[in-house]
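Last residue of the sequence shown: 355 (this note's numbering), numbering continuous. To start, the structure itself, in structure tokens.
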Amino acid sequence: MSLRELKIKTSSLKRVIKDEQYYLKDAADQEKHIEKLRADGADEYVIKKQIEVLDETRNMLPSCKDRIARAVQDLKALVDSNNPAFDGTEELASAKDALASITYDSKLASKTKSKRTSVGDLSRTSSGGYDQSPLFLLPSLATTSLLKGRLQPLVKLPECVDKDEWLASSIFEFFEYINLFYGAISNFCNPKDCPTMSAGSHDYTWSDAHRRHVKLPAPQYIDYVMTWIQNCLDDESVFPTKAGNAFPKDFDHTIRTICRQLVRVFAHIFYTHYDKLVHLNAERHFNSLFAHFYAFCREFDLLDKKDTAPLQELIALLETNNVF
Ligand SMILES: [Zn+2]
């Protein structure tokens with residue numbers, strides 16, 4: 032069992048904890064929203080619809096609890112294995128912190144009433160389309176980022192590190208972060224508002240078991256993609272984590288396929304849900320993540336031009352600003 036495996040399990044636990052916290056906060060905000068509607072004497076039909084939204088959020092909580100329980104069990108087994116390779120490492124400390132946070136957070140979450148009101152008040156009706164120029168290409172937003180300077184030194188292969196190992200750990204991190212962002216806006220990504228996996232006027236299709244190209248609602252498409260990538264990351268024969276297990280011959284192909292799918296998720300969020308990220312003050316983080324991801328793909332030549340076509344304008348803007 033390698034340190035990376037410990038890191039992966041710790042991140043999985045943190046991710047499901049964050050998911051639960053997100054739903055708890057969202058439910059608390061929605062409760063307030065409903066209280067306010069009642070106080071303002073809103074129409075019963077409007078209130079009923081908002082209660083349905085609240086119920087949808089609450090329905091997510093039992094599955095969060097199950098996922099947390101499974102993630103705790105997995106991580107605890109690793110921590111309790113007393114593997115000497117883990118002794119005194121940051122990864123072990125971080126794993127223990129994550130396990131310790133469970134009791135603390137769940138108590139806190141049940142008592143805390145969120146002060147945040149923005150999410151509950153965000154538009155649940157439209158998916159924030161783009162009439163002429165999409166929001167993310169507004170000059171004031173497009174180049175806003177947490178990162179300063181060029182990104183190439185950040186993504187190039189460090190000395191004495193195996194290339195496949197570097198690709199694997201980088202992809203793992205990108206996947207985790209994209210998952211977090213998608214989790215934050217996933218309430219707004221539903222089959223009604225996102226009937227296809229779109230990026231502006233471009234629709235991506237999914238290749239089914241018979242290699243037919245089918246159009247899927249964006250949430251279903253993204254669920255397929257994220258589940259597929261998670262399964263790859265968890266599969267020892269695809270992403271080996273144990274010492275002595277070699278990377279498979281087609282590893283490069285797998286990485287390219289993952290990147291091609293992740294860039295589609297980026298594109299869908301940029302075109303359809305960027306307004307939600309702006310409401311959450313998360314646009315700089317998201318822009319930074321995309322710039323980092325793109326710089327990485329460019330360094331290792333992992334994307335074709337057609338993969339990034341819907342984001343070409345944004346990439347050109349970043350290039351003008353010497354980001355890469
Ligand atoms: Zn969507």
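Don't be surprised by glycine CBs; every beta carbon is placed ideally from N, CA and C.
For A230, the three-state secondary structure derived from DSSP is strand. Excluding five sequence positions before and after R295, the CB atoms of its chain that fall closer than 6 Å to its own CB belong to Y235, given in chain order.
Of the candidates L334, T339, E330, V309, the residue whose Cα lies closest to the Cα of L169 is V309. Relative to the non-hydrogen atoms of ligand 1, the Cβ of H323 never comes closer than 7 Å to any of them.
The count of Cβ pairs closer than 8 Å, one atom from the region 230 to 248 and one from the region 73 to 82, stays below three, leaving the stretches out of contact. A buried status is given to A249, since no fewer than 16 other beta-carbon atoms sit within 10 Å of its beta-carbon.
Pairing F212 with I300 gives a Cβ-Cβ distance under 8 Å. Looking at D60, E87, L109, V110, the one whose alpha-carbon comes closest to that of N218 is E87.
The beta carbon of M228 is closer than 8 Å to those of D234, Y235, T236, W237, K246, L247, P248, A249, Y252, I253, R295, H299 in its chain, skipping five residues each way along the sequence. Within 10 angstroms of the beta-carbon of T351 lie fewer than 16 other beta-carbons, which makes it exposed. In the DSSP assignment, F301 falls outside any alpha helix (DSSP H), carrying neither H nor E. Taking non-hydrogen atoms of ligand 1 into account, the C-beta of A215 is found less than 7 Å away from none of them. The closest heavy atom of ligand 1 lies 7 Å or more from the beta carbon of A298.
Ranked by Cα distance from F167, the options K38, D332, H316, E66 are led by H316. Shortest gap from the CB of H233 to any heavy atom of ligand 1: 7 Å or more.
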